[in-house]
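Quick notes on the structure that follows.
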Amino acid sequence: MQQQPGQSGQQNMMMEPPQTLSTKDQLYLSDMLNWNLTAAKKANFYAEQCNDNDIKSACQRVAQMHEHHYQTFLSHLQQHTQ
1 MQQQPGQSGQ QNMMMEPPQT LSTKDQLYLS DMLNWNLTAA KKANFYAEQC NDNDIKSACQ
61 RVAQMHEHHY QTFLSHLQQH TQ
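Residue numbering for the sequence shown follows the UniProt record's numbering, starting at 1 and increasing by one per position.
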């Protein structure tokens, strides 16, 4: 592929993120919140169904991790929308 005159072959890089979120950004953040909430609910469900204490404990840790991620995303978004 040939370069057009005046192009150096390098893409412009943003040194700082933009101050606004696009609709696509907002949808992606909403998806991330949903993914983490769903993963936490599933891990809690599996922990409740499990008879093996080691696996139950691992599922509980996974649920706590996803709950923490969900809360972190949510609090960050709330701080920046006020």
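Note that beta-carbon positions come from the ideal geometry of N, C-alpha and C, so glycine has one too.
Can you tell me whether residue i is buried or exposed? The criterion is at least 16 other CB atoms within 10 Å of its CB, across all chains shown.
i   : result
Y70 : buried
N12 : exposed
Hey, would you say residue i sits closer than 8 Å to residue j, going by beta carbons?
i           : j   : result
H66         : A40 : yes
residue 105 : F73 : Coverage of the chain is limited to positions 1 through 82, which leaves residue 105 absent and any answer about it impossible.
A47         : Q64 : no
With H, G and I counted as helix, E and B as strand and the rest as coil, what does DSSP make of residue i?
i          : result
N12        : coil
residue 90 : Any question about residue 90 goes unanswered here, given that the chain covers just 1 to 82.
N51        : coil
*asked:* Count Cβ pairs between the stretch 26-34 and the stretch 53-67 that sit closer than 8 Å; are there 3 or more?
replied: no
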